[in-house]
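Chains as they are written, first to last, in the working numbering: chain A, 1 to 317; chain B, 1 to 217. Using N, Cα and C, we set each Cβ at its ideal position, and we do this for glycine too.
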Amino acid sequence: MNYGAADTVVAWIVSLFSGFLLPILLIGTIRKVKARLQNRVGPPIFQALFDLVKLFRKKQTVSSTVSWIFKWNGAINLSVMLLLALSVPWLCYKPVSLGADLFFVLYLLALSRFSTVLAAMDAGSAFGAFGASREVTISTLVEPALVLALASIGILTQSSDLDAIFSFSNAALSNTSGIWLLVGTAVILAGLVELSRMPVDDPTTHLELTMVHEAMILECSGPNLAMLECSQLLRMAILFGLSAQCFLHSIPCVWTMTIVSQGIIHVILMFVIASCVATFESVAVKLQWRKVPEFIAYCLTMSLIAGLIAVGGSLVK
Amino acid sequence: MILNLFEMVVFGASFTAILIAGATHLRVNLALYSVQTLFIGFATAMTAHAHADDMGIYGIACAITILKGLIVPVCLVMAIDKIRIQSDAASIIPAPLAMHLTIVFLGLSYLLVRGLPVPLEFSRGWPGATAAISLVFSGLVLMLTRRIAISQIVGFLIIENGIYLFALTQTHGMPMIVEMGVLLDVLVGVMISGLLVFKIQHSFEHIDVTRLTQLKD
Numbered sequence: 001m002n003y004g005a006a007d008t009v010v011a012w013i014v015s016l017f018s019g020f021l022l023p024i025l026l027i028g029t030i031r032k033v034k035a036r037l038q039n040r041v042g043p044p045i046f047q048a049l050f051d052l053v054k055l056f057r058k059k060q061t062v063s064s065t066v067s068w069i070f071k072w073n074g075a076i077n078l079s080v081m082l083l084l085a086l087s088v089p090w091l092c093y094k095p096v097s098l099g100a101d102l103f104f105v106l107y108l109l110a111l112s113r114f115s116t117v118l119a120a121m122d123a124g125s126a127f128g129a130f131g132a133s134r135e136v137t138i139s140t141l142v143e144p145a146l147v148l149a150l151a152s153i154g155i156l157t158q159s160s161d162l163d164a165i166f167s168f169s170n171a172a173l174s175n176t177s178g179i180w181l182l183v184g185t186a187v188i189l190a191g192l193v194e195l196s197r198m199p200v201d202d203p204t205t206h207l208e209l210t211m212v213h214e215a216m217i218l219e220c221s222g223p224n225l226a227m228l229e230c231s232q233l234l235r236m237a238i239l240f241g242l243s244a245q246c247f248l249h250s251i252p253c254v255w256t257m258t259i260v261s262q263g264i265i266h267v268i269l270m271f272v273i274a275s276c277v278a279t280f281e282s283v284a285v286k287l288q289w290r291k292v293p294e295f296i297a298y299c300l301t302m303s304l305i306a307g308l309i310a311v312g313g314s315l316v317k
Numbered sequence: 001m002i003l004n005l006f007e008m009v010v011f012g013a014s015f016t017a018i019l020i021a022g023a024t025h026l027r028v029n030l031a032l033y034s035v036q037t038l039f040i041g042f043a044t045a046m047t048a049h050a051h052a053d054d055m056g057i058y059g060i061a062c063a064i065t066i067l068k069g070l071i072v073p074v075c076l077v078m079a080i081d082k083i084r085i086q087s088d089a090a091s092i093i094p095a096p097l098a099m100h101l102t103i104v105f106l107g108l109s110y111l112l113v114r115g116l117p118v119p120l121e122f123s124r125g126w127p128g129a130t131a132a133i134s135l136v137f138s139g140l141v142l143m144l145t146r147r148i149a150i151s152q153i154v155g156f157l158i159i160e161n162g163i164y165l166f167a168l169t170q171t172h173g174m175p176m177i178v179e180m181g182v183l184l185d186v187l188v189g190v191m192i193s194g195l196l197v198f199k200i201q202h203s204f205e206h207i208d209v210t211r212l213t214q215l216k217d
């Protein structure tokens with residue numbers, strides 16, 4: 001992807017706009033669809049933005065026993081997510097190429113989670129500790145699935161660089177819808193777990209027995225909480241964007257289109273995914289804690305099959 | 001090489017078999033079996049197209065889709081309704097583990113097929129045989145690990161699908177009369193086993209096959 005100077009400026013403007021707007025619009029879509037399915041009017045679509053502004057203007061309450069880990073948690077999370085948003089090809093266009101190795105990306109995700117877990121333990125409340133314990137358990141289970149899914153297309157493209165994987169340059173991959181569909185499904189299932197969404201954790205509940213992510217950020221307030229919410233929204237946009245990229249690659253006729261139409265189809269796909277997630281959350285119930293590994297097993301199944309196909313395909317070649 | 005249309009169809013069939021091994025809800029199992037049979041019927045139609053639009057094979061594709069994809073699952077759903085059992089909770093190993101076991105068998109069948117002499121056109125023989133053998137393995141896993149008799153019937157049907165797919169992709173197509181005989185056998189077998197399940201439930205008040213060791217009259 002070599003742009004001219006004018007193209008680079010356009011790419012910067014477009015990606016800044018979409019990096020700012022898409023996460024808020026995605027969460028707005030999810031909340032709106034869920035509300036309509038429950039016969040409610042629902043919040044306005046920019047409600048997440050209003051909430052963030054309100055939180056940023058509030059005063060922060062900090063316990064006297066916490067250390068710097070807790071106070072810097074929001075900033076660490078937000079900066080990691082901004083770095084990810086710049087380096088991961090979660091949109092079709094990208095202003096800079098920072099080199100997004102897939103292991104680098106996955107462990108940046110893990111780093112932000114690590115910092116949240118430490119902050120939750122640092123606050124010293126019992127809820128924070130058990131939320132952290134659950135979060136770590138879940139992420140240990142889901143990490144292999146995500147690594148394997150992305151690595152299996154990495155095997156096909158002979159590269160672990162996400163830019164190379166998701167560029168439309170390797171025409172030999174244009175006719176391999178099956179593996180792209182499998183990987184896209186694996187990423188979206190893993191994303192539901194990573195984002196603490198419905199079948200694993202209910203993002204709207206504050207019932208102490210069931211919450212996972214909410215328990216960890218219970219002690220945060222004001223700008224700290226706002227930055228955490230921001231990074232959670234960005235994380236959602238990045239993961240939905242990655243799986244939408246996979247689904248986009250599974251449509252053979254997209255490969256020959258221009259980058260503008262690819263980008264438009266990709267954004268539409270992201271909103272389709274968001275609506276599907278909202279519908280799924282409206283009809284599904286939260287799983288029992290014991291059943292969560294079974295849900296993750298389905299995700300792992302998709303990645304395992306994709307990995308088998310990739311290894312088998314490259315052996316024959 | 002990776003997943004053109006025919007390969008997607010046959011591997012779609014073995015993928016549904018893997019999902020069946022992972023799902024414990026009986027109705028979901030039967031719906032997935034129906035989807036699998038649709039895949040098999042579609043593969044048959046594609047083979048017919050490759051054999052210069054052979055009308056006999058097209059007929060077999062239609063018969064498979066209607067008999068095995070529609071009538072057999074409906075019969076089994078009626079049996080489920082009668083015995084009022086919804087899910088196969090008591091499998092011997094947990095369902096996700098069984099699912100991962102079937103994935104291992106998919107890889108194993110890939111390795112097995114690489115040792116086979118491939119008779120027909122290179123492009124269809126290998127993926128077809130891989131999917132077929134993995135279907136047989138998945139059916140075996142299902143029959144060995146499940147306790148409820150309905151699941152075992154589903155396992156038997158998956159094995160039958162696998163054997164059929166193997167024959168379809170390795171030969172020039174069997175005579176229509178043989179295929180029809182096999183289909184009729186399967187249909188009658190499913191009906192009889194559905195009745196048997198009902199009888200077992202009626203006389204023992206459960207359909208757990210592991211507890212059927214002490215038979216009295």
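Under 8 Å between C-beta atoms of residue i and residue j
{"i": "A:LEU234", "j": "A:ALA126", "result": "no"}
{"i": "B:THR130", "j": "B:SER109", "result": "yes"}
{"i": "A:ALA120", "j": "A:ALA110", "result": "no"}
{"i": "A:ASN39", "j": "A:ASN224", "result": "no"}
{"i": "A:VAL117", "j": "A:VAL136", "result": "yes"}
{"i": "B:MET8", "j": "A:THR301", "result": "no"}
{"i": "A:ALA123", "j": "A:SER63", "result": "yes"}
{"i": "A:GLY191", "j": "A:LEU239", "result": "yes"}
{"i": "A:SER250", "j": "A:ASP163", "result": "no"}
{"i": "B:PHE156", "j": "B:THR102", "result": "no"}
{"i": "B:ILE85", "j": "B:LEU19", "result": "no"}
{"i": "B:SER14", "j": "B:GLY69", "result": "no"}
{"i": "B:ILE207", "j": "B:ILE83", "result": "yes"}
{"i": "A:GLY241", "j": "A:MET270", "result": "yes"}
{"i": "B:ALA132", "j": "B:LEU106", "result": "no"}
{"i": "B:VAL154", "j": "B:ASN29", "result": "yes"}
{"i": "A:LEU91", "j": "A:SER15", "result": "yes"}
{"i": "A:GLY19", "j": "A:ALA48", "result": "no"}
Assigned secondary structure, residue i (DSSP; H/G/I helix, E/B strand, else coil)
{"i": "B:HIS100", "result": "helix"}
{"i": "B:MET1", "result": "A caution first: B:MET1 carries a pLDDT of 42, below 50, which makes its placement in the model unreliable, though a value can still be read off. Here B:MET1 sits in coil by DSSP."}
{"i": "B:ASP208", "result": "strand"}
{"i": "B:SER87", "result": "strand"}
{"i": "B:ILE71", "result": "helix"}
{"i": "A:GLU122", "result": "A quick correction: the sequence has Asp, not Glu, at residue 122 of chain A. In the structure shown, A:ASP122 sits in a helix (DSSP, three-state: H, G or I)."}
{"i": "A:ASP201", "result": "coil"}
{"i": "B:HIS244", "result": "A question about residue 244 of chain B goes unanswered here, because the residues of chain B that appear run from 1 up to 217."}
{"i": "B:HIS25", "result": "strand"}
{"i": "B:ILE148", "result": "strand"}
{"i": "A:VAL285", "result": "coil"}
{"i": "B:GLN36", "result": "helix"}
{"i": "A:GLY42", "result": "coil"}
{"i": "B:GLY115", "result": "coil"}
{"i": "B:TRP126", "result": "helix"}
{"i": "B:MET191", "result": "helix"}
{"i": "A:SER64", "result": "coil"}
{"i": "A:ASN170", "result": "coil"}
{"i": "A:PRO144", "result": "helix"}
{"i": "A:LYS317", "result": "For A:LYS317, the pLDDT reaches just 49, beneath the cut-off of 50, and the residue's location in the model is therefore unreliable, although a value from the coordinates is still provided. Here A:LYS317 sits in coil by DSSP."}
{"i": "A:THR258", "result": "coil"}
{"i": "A:GLU135", "result": "helix"}
{"i": "B:HIS202", "result": "helix"}
{"i": "B:VAL77", "result": "helix"}
{"i": "B:PRO94", "result": "coil"}
{"i": "B:VAL186", "result": "helix"}
Residues that residue i bridges to, as DSSP identifies them
{"i": "B:SER134", "result": "Its beta-bridge partners do not exist; DSSP assigns none."}
{"i": "B:ASP53", "result": "BP columns for B:ASP53 are empty, so no partner."}
{"i": "A:ASP161", "result": "A:ASP101"}
Start-to-end residues for the alpha helix (DSSP H) that takes in residue i
{"i": "A:TRP72", "result": "68-87"}
{"i": "A:MET211", "result": "Taken as a continuous stretch (DSSP letters only), A:MET211 belongs to no alpha helix (DSSP H), as it is neither H nor E."}
{"i": "A:MET236", "result": "222-249"}
{"i": "A:THR185", "result": "177-194"}
{"i": "A:TRP12", "result": "5-37"}
{"i": "A:LYS54", "result": "47-57"}
Contact belief for residue i with residue j at Cβ below 8 Å, rounded distance in angstroms
{"i": "A:ILE179", "j": "A:ALA310", "result": "6 Å"}
{"i": "A:ILE165", "j": "A:ILE153", "result": "5 Å"}
{"i": "B:VAL10", "j": "B:ALA43", "result": "6 Å"}
{"i": "A:SER261", "j": "A:ALA149", "result": "So it is not a contact: roughly 26 Å between Cβ atoms."}
{"i": "A:MET198", "j": "A:LYS291", "result": "Not a contact, Cβ separation roughly 13 Å."}
{"i": "B:ILE148", "j": "B:ALA17", "result": "18 Å between Cβ atoms; not a contact."}
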